[in-house]
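Participant: Numbering (the UniProt record's numbering), first residue to last: 1 to 201.
1. May I ask you to report which of helix, strand or coil DSSP gives residue 211?
2. Quick one, are the C-beta atoms of residue 23 and residue 14 less than 8 Å apart?
3. Which residue comes first and which comes last in the alpha helix (DSSP H) that contains residue 144?
4. Suppose the cutoff is 7 Å on Cβ atoms and the five residues either side in sequence are ignored; what does the same chain contact list for residue 237 look like?
5. Short of 8 Å in beta carbon distance, which residues of its chain neighbour residue 17, apart from the five on each side in sequence? Order them along the chain.
6. At 4 residues or longer, and completely inside the UniProt domain "RNA polymerase sigma-70 region 2" (30 to 95): list those alpha helix (DSSP H) runs for me, N to C.
7. Could you give the DSSP three-state label for residue 161: helix, strand or coil?
8. Out of 71, 39, 33, 83, state which residue places its alpha-carbon closest to the alpha-carbon of residue 57.
9. What residue from 174, 65, 142 has the CA that sits closest to residue 160's CA?
10. What does the alpha-carbon distance come out to for the pair residue 51 and residue 170?
11. Helix, strand or coil for residue 150? Go by DSSP, reduced to three states.
12. Does the distance from the CB of residue 38 to the CB of residue 59 come in under 8 Å?
13. Can you tell me whether residue 172 is buried or exposed, with buried defined as 16 or more other CB within 10 angstroms of its CB?
14. Check the C-beta distance from residue 133 over to residue 178 and give it rounded, since I have them as a contact under 8 Å.
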């Protein structure tokens, strides 16, 4: 297997052949770029297994969209952009996992009571607060009493003169909504939590 990338002229000729559906040219490009793309993906997601999946998806994408490739443009930048998009998609899917979403909420609760005011944490809290603000009044109140005041379901039920089961139901619905909102709107959150997940496993 070649250990270096072709020069610009060779690259252009290979890409022209690829555009025409030349499978041999595709195989050559795969062999030339596979290791570089794997290392790039692995560095982004910190997971060898996911990096392997991303590499396969990237080259499938390249073959499927071969007629859209412009041989005159920087192919290295083009394939890196595709790789980045696939890595981010993987991270977002993982960040939608309920266990990870719970970690997001716990992390947000923790930083809410900390003195760290970094830009990233401000963004995390902004997404979190947006979700809470959209809750119906009673669900918002119950959720804040539970999370901010650390009250038990029994204490909340007694304070609001409602049943413990009602409190539980409101918390389930509120938490589910916040998870969903964060998953859809908190791209920074998704990337952060997913990245932390990869580094710890």
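Think of the CB as a built atom: it goes at the ideal place given N, C-alpha and C, for glycine as much as any other residue.
Facilitator: According to the structure data:
1. The requested residue 211 does not occur in the structure, where the chain is confined to residues 1 to 201.
2. Taking the chain shown and counting its residues from 1, the one referred to as residue 23 is at position 23. Taking the chain shown and counting its residues from 1, the one referred to as residue 14 is at position 14. No. Outside cutoff.
3. For the purposes of this step, residue 144 is identified with residue 144 of the chain shown, where counting begins at 1. From DSSP, the alpha helix (DSSP H) with residue 144 extends over 137 to 147.
4. Only positions 1 to 201 of the chain appear in this structure, which leaves residue 237 out of reach.
5. Against the chain shown, residue 17 aligns to sequence position 17. The residues are 24, 25.
6. 48 to 64, 75 to 95
7. The residue given as residue 161 occupies position 161 in the chain shown. If DSSP states are grouped into helix, strand and coil, residue 161 belongs with coil.
8. Along the chain shown, read from residue 1 onward, the residue named residue 57 stands at position 57. Nearest option by C-alpha distance: 83.
9. Here residue 160 refers to the residue found at position 160 when the chain shown is read from its first residue. For residue 160, the nearest C-alpha among the options comes from 142.
10. Here residue 51 refers to the residue found at position 51 when the chain shown is read from its first residue. Here residue 170 refers to the residue found at position 170 when the chain shown is read from its first residue. Spanning the two alpha carbons is a distance of roughly 40 Å.
11. Here residue 150 refers to the residue found at position 150 when the chain shown is read from its first residue. In the three-state reduction of the DSSP assignment, residue 150 falls in the coil class.
12. By 1-based counting over the chain shown, the position of residue 38 is 38. By 1-based counting over the chain shown, the position of residue 59 is 59. No, the pair does not count as a contact, with Cβ atoms beyond the cut-off.
13. Indexing the chain shown from 1 puts residue 172 at position 172. That one is exposed.
14. By one-based count along the chain shown, residue 133 stands at place 133. By one-based count along the chain shown, residue 178 stands at place 178. Not really, about 11 Å apart at Cβ, beyond 8 Å.
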